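Trainee: Protein chains in written order, with the numbering used here: chain A, 3 to 508; chain B, 3 to 508. By construction, the Cβ of each residue, glycine as well, lies at the ideal position given by its N, Cα and C atoms. Here the structure is a predicted model, which means the values were calculated and not measured.
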């Protein structure tokens, strides 16, 4: 955060303190039309079901934060408004990455979420002598969170309700009903705040550092209730209308075709598919790895160390078999397998990462994804299910998601099971012959096979853009099922043992 | 629980201790066919997507409970198997009725849930000198839970894995792999158990008290791993096949038409629809009730007292308006409104009560349902969306659900907003004229109006069969919107104040 920006924010605070007041008479003249328009826009947003509205409310005690919440709930249809306030994390929340609780609270497309301080609670409570810095992880997480939601179409509005120190001091709770709204201006802060000067200085810092085009802060003077309410509701009205218009123009599906040719330098071509394993070596290695996994999973459970293992790969590459062999070594007590298919209708109303956030388990658990969030940059890209811009920005979104996992201590492993085209055909034929496995073969398999080269391009981009030090891609040669299974078991055992050792050394 | 039944259970324990063993050779001969059949049945269950499978596993340490879990996960496709073990409730769980955590863990139709001790953990840990008695609330809750799931089509199987005291003493954890399965028989109990004699005596009591046709206990001797595994897997095979057959014959939709004539004694006819309220009285009462609500909701938040308010009523009876006026008196900080429409596809894969369980909020919150679980005995009955038997048993299911809420301290209020047919027509016409409210009017409204008499019969049955002392129906005269709104506000304020006073007096 640059001091210049923060002082600019402080200047806006000052001017907000001086906003002219609005008389009851003037407000009465404006209000009926405003309200009809707001309700109408809310219905349009609901019926369109295209995007959620996310509103963050924060401000000085006495400036009307709770009142704004109540006014929005009262003026609009409260059935499509959800209010969220976050106190100290519950135990279920504190066992997951910090943003898990915000993700799980997100409104579906068509609905509206009101957030008291939202994800700013911790930052706003900071000591202003140690302000958030430019490279601060928390700022990066907030920026990534808001950007990924905005990119997905969400309308994000953030309000800071301000008062001069004098007004703040003299404001009092009152039992008088407001003459126009008929509701009480309920001005208490919803939780204790630091002293005025400290709080306002911190807020100026935070606002300057998190004010973006897609998720802007609006500073509103809070001393005059009529003015404040009109200003906020009118801003909602304008924003709703503008966003509906903008989203009506948004592209619905793919415009640019995905590459049909394999890239010049193909990372998959570096995978040594000749790797294989004798029955005897397999039996021995299986026993060894099973033992290691068995011990490691008891230890991670006791240590509360969570892990997430994502499997991707060609159709018939042996994902299911590898997962089952991994399961042989684990006790079902603390792992779960999450199979990923096309999203259901609840999931479709949310950001594509929402269902993966939702699946993250409590401390000490192993969550295995059979296909994963990488569908975004694989099938959704190759089959043109989403616009080019959507899968292109997905690399950053996925990196941010994974970084939040690993930063919170989750062991993250990503496998691409690689086979060649001939091997795939052999396996399809085998499946057709085997009555116990015929169900595995679907029309999709042949469809995907036709897009082999497009997938190669997609896998290359994926590996290049989402391999990080804490979560590298593991390309597993899988023409030999035995070799692939042992590689997977060994990699998981290695990673868990390493993480356990690191934790003990802390 | 009768002593005779418990001793019968103890006898079955004894005979299980003597089960003959199965040699590796014999088992090998049986296993391949068994496994192919099991996988095939699992696929059928998954593709049919008609019912969930719920398997409870409990038993003496050393008898192979964890091993059974692992064998099922290993032999079948673990992607459609979910394992659940419940330790001490998390804080989010302990703030809701005790069965909330079981409801939220239930597998969707087509999937399989494995439960370590399931909802029996607490009972199995009891002192056998104070055994569960016939009228025990916990037994009633378990019985109601299992019955409602079974009635909804779920296949429920409960296993008690038994060992003689001698076997229990000599059993040891081993690192040796099983020669047939290739997995370790992992025999540790997943959590500490009372001494053998105590545990077994308690188990005999519990099993005798909870053994029902729809959710039977199977006692399996655990000393011989081959025999035990074969017995359990073969029982799964038979049960899967039988249940698939049974469910294929299950009726899909309504067979008996709902009553088209109003009942002889119509409880709705006792509602005095002439009740009305002057503008002046309304303004005064509104102010008074708003103040009461405002104070009460702060107090319930601090006391952690939860409440659930369900609104039902004729179309255009003013549910939305009443909810909005109620909201005027509340701070949006700790209430939420849950609008109930047709279930989404995730909800459709679950018991109809699942989504209402899921919506229950944490301690201190007010949850307002705009339409509710009563849709089961109203629209679903009247429109023949479900078989007659389904809505007929729903009264008991709903009573059990509501009793679990009130028993856990939730304040539960149920409103039926009543208007007459003429008033409804007037309101439909008004809506059509008003551009701001035209969206409220749908084809459903006129469809429902045609079924007026059938609804009267359904409402009468509903009121008669689901009014209890702790959760009576409140029939609100709503021809006058003002009168109805004040009645609702007053009733809520009364109930919250009463509950707060009762809590303070404890």
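Measure from the alpha carbon of residue 453/A to the alpha carbon of each residue in 117/A, 382/A and 91/A, then state which is nearest.
Mentor: Minimum Cα distance to residue 453/A is reached at 382/A.
Trainee: Residue 142/A and residue 134/A: beta carbons closer than 8 Å?
Mentor: No.
Trainee: By how many angstroms is the C-alpha of residue 486/B removed from the C-alpha of residue 418/B?
Mentor: Spanning the two alpha carbons is a distance of roughly 10 Å.
Trainee: May I have the straight-line CA-CA distance separating residue 345/B from residue 481/A, to the nearest angstrom?
Mentor: The alpha-carbon atoms of residue 345/B and residue 481/A are separated by roughly 45 Å.
Trainee: Which same chain residues end up closer than 6 Å to residue 103/B when comparing Cβ atoms and leaving out the 5 residues on each side of it in sequence?
Mentor: Closer than 6 Å at the Cβ level, and outside the excluded window around residue 103/B, lie 95.
Trainee: Taking only beta-carbon atoms, is residue 68/B less than 8 Å away from chain A?
Mentor: Yes - at least one Cβ of chain A is within 8 Å of the one on residue 68/B.
Trainee: Against residue 84/B, what residues of chain A qualify as contacts under a CB-to-CB distance less than 8 Å, listed in chain order?
Mentor: Residues of chain A passing the Cβ test: 338.
Trainee: Please decide whether residue 99/A counts as near chain B, where near means a Cβ-Cβ distance under 8 Å.
Mentor: No - not a single Cβ of chain B is within 8 Å of the one on residue 99/A.
Trainee: Return the residues of the region 326-353 of chain B that lie within a Cβ-Cβ distance of less than 7 Å from chain A, sorted by chain order.
Mentor: Within the region 326-353 of chain B, the qualifying residues are 326, 329, 330, 333, 334, 335, 338, 339, 341, 346, 347 and 348.
Trainee: Hey, would you say residue 170/A sits closer than 8 Å to residue 62/A, going by beta carbons?
Mentor: Yes, Cβ-Cβ distance for residue 170/A and residue 62/A is below 8 Å.
Trainee: List the endpoints of the continuous beta strand (DSSP E) containing residue 476/B.
Mentor: Here the beta strand (DSSP E) through residue 476/B covers 475-479.
Trainee: Given this structure, state the Cα-to-Cα distance separating residue 109/B from residue 349/B, to the nearest angstrom.
Mentor: Distance between the alpha carbons of residue 109/B and residue 349/B is about 11 Å.
Trainee: Could you spell out where the beta strand (DSSP E) holding residue 160/A opens and where it closes?
Mentor: Residues 157-164.
Trainee: Quick check: the Cα distance between residue 439/B and residue 432/B, rounded to an integer number of angstroms?
Mentor: C-alpha separation (whole angstroms): 9 Å.
Trainee: Identify the contact partners of residue 322/B in chain C, using a Cβ-Cβ distance below 8 Å as the criterion.
Mentor: Protein chains A and B are contained in the structure displayed, whereas chain C is not.
Trainee: What residues match up with residue 312/A in a beta bridge as DSSP calls it?
Mentor: Looking at the DSSP assignment, residue 312/A forms a beta bridge with 371/A and 416/A.
Trainee: Tell me, please, whether the CB atom of residue 87/B is closer than 8 Å to any CB atom in chain A?
Mentor: Yes - at least one Cβ of chain A is within 8 Å of the one on residue 87/B.
Trainee: Chain B beta carbons: is any one of them nearer than 8 Å to that of residue 444/A?
Mentor: Not an interface residue.
Trainee: By the 8 Å beta-carbon criterion, what residues does the region 272-306 of chain A contribute toward chain B?
Mentor: Answer in chain order: 288, 289, 292, 293 and 296.
Trainee: Locate the beta strand (DSSP E) running through residue 115/B, then write down its first and last residues.
Mentor: It spans 114-118 - the beta strand (DSSP E) in which residue 115/B sits, taken as one unbroken run.
Trainee: Could you tell me the alpha carbon to alpha carbon distance between residue 1/A and residue 466/A, rounded to whole angstroms?
Mentor: The shown model of chain A, from 3 to 508, leaves out residue 1/A, and the question about it has no answer.
Trainee: If we cut at 8 Å on Cβ distances, does residue 372/A have a partner in chain B?
Mentor: Yes, residue 372/A counts as interfacial toward chain B.
Trainee: Can you grab the Cα-Cα spacing for the pair residue 223/B / residue 16/B, in whole Å?
Mentor: Going by the C-alpha atoms only, they are around 9 Å apart.
Trainee: Residue 489/A: which of 43/A, 30/A, 278/A and 154/A sits nearest, CA to CA?
Mentor: Ranking the options by Cα distance to residue 489/A, first place goes to 278/A.
Trainee: Among residues of its own chain, excluding the 5 on either side of residue 372/B, which ones have a beta-carbon nearer than 8 Å to its beta-carbon?
Mentor: Counting only Cβ-Cβ distances below 8 Å, and skipping sequence neighbours, we find 313, 321, 322, 325, 339, 340, 341 and 342.
Trainee: For residue 84/A, write down the residues that DSSP places opposite it in a beta bridge.
Mentor: Looking at the DSSP assignment, residue 84/A forms a beta bridge with 115/A.
Trainee: Starting from the Cα of residue 203/A, find the closest Cα among 13/A, 88/A, 53/A and 252/A and give me that residue.
Mentor: Looking at the Cα atoms, 13/A is the closest of the given residues.
Trainee: Could you pull the start and end residues of the alpha helix (DSSP H) that residue 22/A belongs to?
Mentor: Per DSSP, residue 22/A belongs to no alpha helix (DSSP H) and is neither H nor E.
Trainee: Could you check how far apart the C-beta atoms of residue 355/B and residue 50/B are, in whole angstroms? I think they sit under 8 Å.
Mentor: The Cβ separation is near 22 Å, so there is no contact.
Trainee: Count the C-beta pairs between the region 202-220 of chain A and the region 148-162 of chain A that are closer than 8 Å, then say yes if the count reaches three, no if not.
Mentor: Yes, since at least three Cβ pairs between the region 202-220 of chain A and the region 148-162 of chain A fall closer than 8 Å, the two stretches touch.
Trainee: Select from 479/B, 391/B, 66/B and 405/B the residue whose C-alpha is nearest the C-alpha of residue 155/B.
Mentor: Among 479/B, 391/B, 66/B and 405/B, the Cα nearest to that of residue 155/B is on 391/B.
Trainee: Rounded to whole angstroms, what's the CA-CA distance from residue 403/B to residue 329/B? Just pull it up for me.
Mentor: Cα-Cα distance, rounded: 26 Å.
Trainee: Would you say residue 454/B faces chain A, with C-beta separation under 8 Å as the test?
Mentor: No - not a single Cβ of chain A is within 8 Å of the one on residue 454/B.
Trainee: Bridge partners for residue 340/B per DSSP, in chain order?
Mentor: Bridge partners of residue 340/B: 371/B.
Trainee: Quick one, are the C-beta atoms of residue 413/A and residue 333/A less than 8 Å apart?
Mentor: No, the pair does not count as a contact, with Cβ atoms beyond the cut-off.
Trainee: Closest Cβ-Cβ distance between residue 94/B and chain A: below 8 Å?
Mentor: Yes - at least one Cβ of chain A is within 8 Å of the one on residue 94/B.
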